[in-house]
Amino acid sequence: MAEKIKENNNNTPKKKFASQELQGLFHDKSLTTIQENNSRLNMSERDLGKSILQSYPRRIAFELTNSCNINCVMCGRNYTETSPVQLTMDQFLWFKDLFHIVEEVTLMGWGEPTIHPDFVEMLKILDQFSTRKYFCTNGMLLDELKSAIFEYHVDFITVSINGATTKTNNRLRRGSDLDKIVNYIKNIVSRKKNTCSQWPQLSFNYCLMKSNLHELLPCIVLAQQSGVSRVNVVYFTAFTKTLFNETVWGMEQEVQQVFVEAKKIAKQLGIDLKLPCISGQDSAGTASHHDCSLPWRDLFVGADGLIRPCMTTSKTLCSLDINKSFFEIWNSNEFVFHRKNVNQIKNMPNSCINCYHQLICNWNLQKSFLQDGHTYSPTWGASHSIPGGKEKRRN
């Protein structure tokens, strides 16, 4: 698998990629020489617009399952047909030779990764390598996983919440319990202190909606009180028109006022705060999205064993054929074609035209806040029948 393919790309003008693409994704933890060299080559190939790569991705993201143990009001899974699927251990282990090369392995996707039956075993395997281990969770199983988190040296954990009060969070995230989650986090922080460890680093992922905008400031306070060092704010994207009034589209003045105060409080409390662009102020202007580097930087593996450009797309590039070599997939015709066209408006895939990826999309455009009428997610089990990586449309 560790082979390299010689390429004969034509050099193309360097692209200006959005700075927020890298913001907060790769953290302050030392890299090995192999990781540094691969990442440097990867970024060089990305900047030159090469479509056939000699570098490996900087990050592998595994969507372990599309199932979840809670049911959030705003989750797109409620508005699409899904067949329960989960990544197999054989599929996960196929990437084992890359775990000392990539900077980070991320466990997250449309479902809750911690409910996968092999989740702890996967952490154990990853702990044999130098890659950073990161997972995003709804937090409900953190107490059960506490021992494994420390035994297998998890580096980063993001906990998704939708309110600073139990009433708000638990209403929007049905089946969640903010009081329990905060208590679980405090236990982890306490163990960090007792063992003099700086890991895992903890963050809140706060999905900003009209009904919880007023709780962003208390959320920053809650983070400081809980021992969480970072709050990452993402806008809620509605997948049905019935929830469009819960987005903050058209509330730019109110959002800006809250963000100004949020920055002040975060600075006072020493919280690392990440905020999205205010609508109308996004540097993407009128473009469909910022220039995207994900087809170079990331490899996203769906729970159904299909390779996709990212989490927020229905587009399938190819299947994970464990009988092939890595570069046969990484430089497959579909992947190469996607790299050539992801930033070209004439040939851009429909899902990229309608991009709502939090780091890549254009927040000046309404479609970033409303995906109704667009094919915004995979069909998982049904997507196995999609030929040539084409997107399947739902009317």
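In this text, residue positions in the sequence shown follow the working numbering: the first is 7, and each later residue adds one.
We treat Cβ as the ideally placed atom computed from N, Cα and C, and that holds for glycine.
Computed from a prediction, not measured in an experiment: that's the story for all the values here.
For residue 28, the three-state DSSP class (helix, strand or coil): Model confidence at residue 28 stands at a pLDDT of 43, short of 50, so the residue's coordinates are unreliable and nothing is read from them.
field: Separation of residue 263 from residue 326, as counted between CA atoms
entry: A direct Cα-Cα distance of roughly 46 Å separates residue 326 from residue 263.
message: For a quick check, are the C-beta atoms of residue 209 and residue 236 less than 7 Å apart?
response: yes
First through last residue of the beta strand (DSSP E) which encompasses residue 140: It spans 138-143 - the beta strand (DSSP E) in which residue 140 sits, taken as one unbroken run.
Where residue 229 falls: helix, strand or coil (DSSP): helix
query: When the distance is taken between beta carbons, is residue 368 closer than 7 Å to residue 290?
result: yes
query: From residue 47 to residue 141, what does the alpha carbon distance come to, in whole angstroms?
result: 26 Å
query: From residue 164 to residue 239, what distance separates their C-alpha atoms?
result: Between residue 164 and residue 239, the C-alpha separation is close to 12 Å.
query: Can you round the beta-carbon distance between residue 36 and residue 64 to whole angstroms, since I take them to be within the 8 Å contact cut?
result: Not confirmed; about 15 Å, so no contact.
message: Looking at residue 340: is its Cβ nearer than 7 Å to the Cβ of residue 324?
response: yes
query: With residue 105 and residue 135 assumed to form a contact (beta carbons below 8 Å), what rounded beta-carbon distance in angstroms separates them?
result: 4 Å
query: Can you round the beta-carbon distance between residue 320 and residue 382 to whole angstroms, since I take them to be within the 8 Å contact cut?
result: 7 Å
- prompt: According to the Cβ coordinates, are residue 218 and residue 288 closer than 7 Å?
  reply: no
field: Residue range of the beta strand (DSSP E) that includes residue 112
entry: Here the beta strand (DSSP E) through residue 112 covers 110-113.
- request: Would you give the residue range spanned by the alpha helix (DSSP H) that residue 264 belongs to?
  value: 258-275
task: Pick helix, strand or coil for residue 67, following the three-state DSSP scheme.
output: strand
- request: Note down, one range per segment and in chain order, each beta strand (DSSP E) of at least 3 residues found wholly within the stretch 157-245.
  value: 162-167, 207-214, 236-241
Same chain, Cβ closer than 8 Å to residue 85, neighbours up to 5 away in sequence not counted: 245, 246
- request: Could you tell me which of 265, 108, 118 sits nearest to residue 81, measuring between CA atoms?
  value: 118
- prompt: Mapping DSSP to helix, strand and coil, what is residue 92?
  reply: DSSP, reduced to helix, strand and coil, places residue 92 within a strand of the structure shown.
- request: Quick one: grab the DSSP three-state call for residue 307.
  value: strand
- prompt: Roughly how many angstroms separate the alpha carbons of residue 422 and residue 344, rounded to a whole number?
  reply: A question about residue 422 goes unanswered here, because the residues of the chain that appear run from 7 up to 401.
message: Please report the straight-line C-alpha distance between residue 95 and residue 296, rounded to a whole angstrom.
response: Here the C-alpha atom of residue 95 lies approximately 35 Å from the C-alpha atom of residue 296.
task: Helix, strand or coil for residue 346, going by three-state DSSP, please let me know.
output: helix
query: Secondary structure at residue 278, three-state DSSP: helix, strand or coil?
result: strand
field: Distance CB(residue 328)-CB(residue 100) smaller than 7 Å
entry: For residue 328 and residue 100, yes; Cβs fall inside 7 Å.
field: Cut-off 6 Å between Cβ atoms - residues of its own chain near residue 222, not counting five sequence neighbours on either side
entry: In its chain, beyond the 5 residues on either side, 264, 268 have a beta carbon closer than 6 Å to the beta carbon of residue 222.
query: What does a CB cutoff of less than 7 Å around residue 176 pick up in its chain, not counting 5 residues either side in sequence?
result: 182, 183, 184
task: Since I believe residue 216 is in contact with residue 254 (beta carbons under 8 Å), could you give me their beta-carbon distance rounded to a whole number of angstroms?
output: 6 Å
message: Quick check: residue 111 and residue 310, are their CB atoms within less than 7 Å of each other?
response: no
query: Are residue 275 and residue 230 closer than 7 Å when you measure CB to CB?
result: yes
task: With DSSP collapsed to three states, give me the class of residue 313.
output: strand
Residue 372, buried or exposed, once every other Cβ within 10 Å from all chains shown has been counted against 16: exposed
task: List the whole-angstrom C-beta distance separating residue 277 from residue 226, where the pair is believed to meet the contact cut-off of C-beta under 8 Å.
output: Approximately 5 Å separates the beta-carbon atoms of residue 277 and residue 226; this is inside 8 Å, confirming the contact.
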